[in-house]
Amino acid sequence: MFEKKDQPAWKGITLVLVGVVVLVSGIYIGSKTQDKKTVQNPVKHEQSKEKTNEAFKLSNSCEIWLHKDIEDETDAEQSSVMLGTVPKGLLNKTQGEIVSYLKDKYPDKNIESIGEYEIVLSDSNKDGNSEQDKSNKDDISKANKYTIEDDNGYIGLYKYDNKGKRKLIEKTHVKVDSLPKAVQNDIKQGIYMNSEDEAYSRLEDFGS
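Position one of the sequence shown corresponds to residue 1 (the UniProt record's numbering), numbered consecutively onward.
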């Protein structure tokens, strides 16, 4: 009969060491993978941040246009007014900074588009007034009356309906600040008339 030989002790030790090496290798690989992800994420964040901070690069001849919606308008050219060209200070600004400038400069206008050579704004609504301004001007006590008022720096003729809602019915190219100071104050307060004939007759006086 053969006697059963004992397994050498070194084989057991070897198995233990192999197990430890495998375990340590797994932990190391997992740690490096996590470190790689951690490094990549800040890089993506920095790239996104740099893209956001890039200058929009407006042309130094970029024009700012105002598109106006006028009821029964037949001449398309009259619905667009050039406000000027962009200031040099905007040429190296980001799109966000350009938007902030336009909102501060033209608070009652909507920004329709921003391009390298053209920026397009529009009136806040078809009557050429913001909703807040329009609501402030509605007054039932003025029902069915006509009034000559300041329309964004120009003389405008308005009509109040039977519910006191105010509506712009005639735009002019007469600047309020071109008139005598006393007349400017009257227009800013509103010059009221009871009939359409009286209103247009008074409006013609300012255009003569």
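No residue lacks a Cβ here, since even glycine has one placed at the ideal position from N, Cα and C. No experiment lies behind these values; they were computed from the predicted model shown.
Could you check if residue i is buried or exposed, using at least 16 other CB atoms within 10 Å of its CB as the buried criterion?
{"i": "Y160", "result": "buried"}
{"i": "G156", "result": "buried"}
{"i": "D139", "result": "exposed"}
{"i": "A199", "result": "buried"}
{"i": "K109", "result": "buried"}
{"i": "S122", "result": "buried"}
Could you check the C-alpha separation between residue i and residue j for me, to the nearest Å?
{"i": "N194", "j": "S178", "result": "26 Å"}
{"i": "K167", "j": "I114", "result": "30 Å"}
{"i": "G89", "j": "V120", "result": "18 Å"}
{"i": "K68", "j": "E54", "result": "32 Å"}
{"i": "E118", "j": "I191", "result": "38 Å"}
{"i": "residue 216", "j": "P180", "result": "Nothing can be reported for residue 216, as the shown portion of the chain is limited to 1 through 208."}
{"i": "D186", "j": "E196", "result": "19 Å"}
{"i": "L58", "j": "G96", "result": "13 Å"}
{"i": "S201", "j": "P107", "result": "33 Å"}
{"i": "S100", "j": "K188", "result": "28 Å"}
{"i": "S141", "j": "N152", "result": "24 Å"}
Is the beta carbon of residue i sitting closer than 8 Å to the one on residue j?
{"i": "D205", "j": "V176", "result": "no"}
{"i": "N60", "j": "L102", "result": "no"}
{"i": "I98", "j": "G84", "result": "no"}
{"i": "V183", "j": "G207", "result": "no"}
{"i": "K171", "j": "A143", "result": "no"}
{"i": "I148", "j": "L203", "result": "yes"}
Return yes when at least one heavy atom of the ligand SAH lies under 7 Å from the C-beta of residue i, else no.
{"i": "G84", "result": "This structure lacks the ligand SAH, and indeed carries no ligand of any kind."}
Going by DSSP, which residues form a beta bridge with residue i?
{"i": "Y192", "result": "T147"}
{"i": "T85", "result": "E63"}
{"i": "L168", "result": "Y158"}
{"i": "V120", "result": "W65, S113"}
{"i": "S80", "result": "H67"}
Just confirm the distance between the C-beta atoms of residue i and residue j, as a whole number of angstroms; I'd bet it's less than 8 Å.
{"i": "Y158", "j": "Y146", "result": "7 Å"}
{"i": "F56", "j": "K93", "result": "7 Å"}
{"i": "V81", "j": "L66", "result": "5 Å"}
{"i": "C62", "j": "E112", "result": "With a Cβ gap of about 14 Å, C62 and E112 do not count as contacting."}
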